[in-house]
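Under our numbering, the residue at position 11 of the sequence shown is numbered 56, and the numbers go up by one with no gaps.
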Amino acid sequence: MILVKTPAGRQVFRDRSVHLTPRQRSAFILFDGRRPTIEILQACEGVGDADIDMLLARGLLVPVPSGVDAAARTPCVAEEVLSRDPRQRYKDAYPVAMRLAGSLGLRGFRLNLAIEGATSFEQLASLAPRIRDAVGPERAAELDTALGL
Numbered sequence: 046m047i048l049v050k051t052p053a054g055r056q057v058f059r060d061r062s063v064h065l066t067p068r069q070r071s072a073f074i075l076f077d078g079r080r081p082t083i084e085i086l087q088a089c090e091g092v093g094d095a096d097i098d099m100l101l102a103r104g105l106l107v108p109v110p111s112g113v114d115a116a117a118r119t120p121c122v123a124e125e126v127l128s129r130d131p132r133q134r135y136k137d138a139y140p141v142a143m144r145l146a147g148s149l150g151l152r153g154f155r156l157n158l159a160i161e162g163a164t165s166f167e168q169l170a171s172l173a174p175r176i177r178d179a180v181g182p183e184r185a186a187e188l189d190t191a192l193g194l
């Protein structure tokens, strides 16, 4: 089953009005309407079916209609990301960039410093290629989505 965030889910994620565990928040970020649930469960250690059921029950996620293909869904995601102002995109992308750089350990020390020094969306977006090179395109996809790249 493929799930996508609802507008209410995106709002709850931003304002933290519903308590989600850190693992649930991590899984929630990955639901983009393109990846199957099983793939997200494998990527998020410690997240189970009960967590996904809770997100569904609260209306934060909804199943993608089976007749809609990935090509038709992608523009909606892109429009949503691009409709956010640069400050919001920076706020969304900064923690993702820090997590990715932090996962590199000492190897990512300088990259981590560069990310900490980025104070605007443009500066953070200019670091995206370095982050992508360091962690790989698959892991950097979440950052690209947050930045709207």
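Where is the CB? At the ideal position from N, CA and C, for every residue including glycine.
Source: prediction; values computed, not measured.
In this structure, the CA atom of Arg55 is about 12 Å from the CA atom of Leu100.
Leu194 sits away from Ala179, with the two beta carbons spaced by 9 Å or more. Annotated three-state conformation of Arg103 is coil, per DSSP. Beta-bridge partners of Ile47 (DSSP): Pro81. DSSP places Pro110 in the coil class of the three-state scheme, outside both helix and strand. The Cβ-Cβ distance between Asp137 and Ala191 falls below 9 Å. Each of Leu48, Glu90, Pro108 was checked against the Cα of Pro67, and the nearest Cα belongs to Glu90. DSSP places Glu90 outside both helix and strand once states are collapsed to three, so it counts as coil. If the five residues before and after Leu156 are omitted, its C-beta is found closer than 8 Å to the C-beta atoms of Ala146, Leu149, Leu172, Arg175, Ile176, Ala179, all from its own chain and listed in chain order. The Cβ neighbour count for Ile47, taken over all protein chains shown within 10 Å, is at least 16; the residue is labelled buried.
Residue range 154 to 162 is occupied by the alpha helix (DSSP H) that includes Gly162.
Residue burial is scored here from C-beta neighbours: Gly78 has at least 16 other C-beta atoms within 10 angstroms and is therefore classed as buried.
Note that the C-beta distance between Glu183 and Ile74 is not below 9 Å. Just so you know, the alpha carbons of Asp94 and Thr82 end up roughly 9 Å apart.
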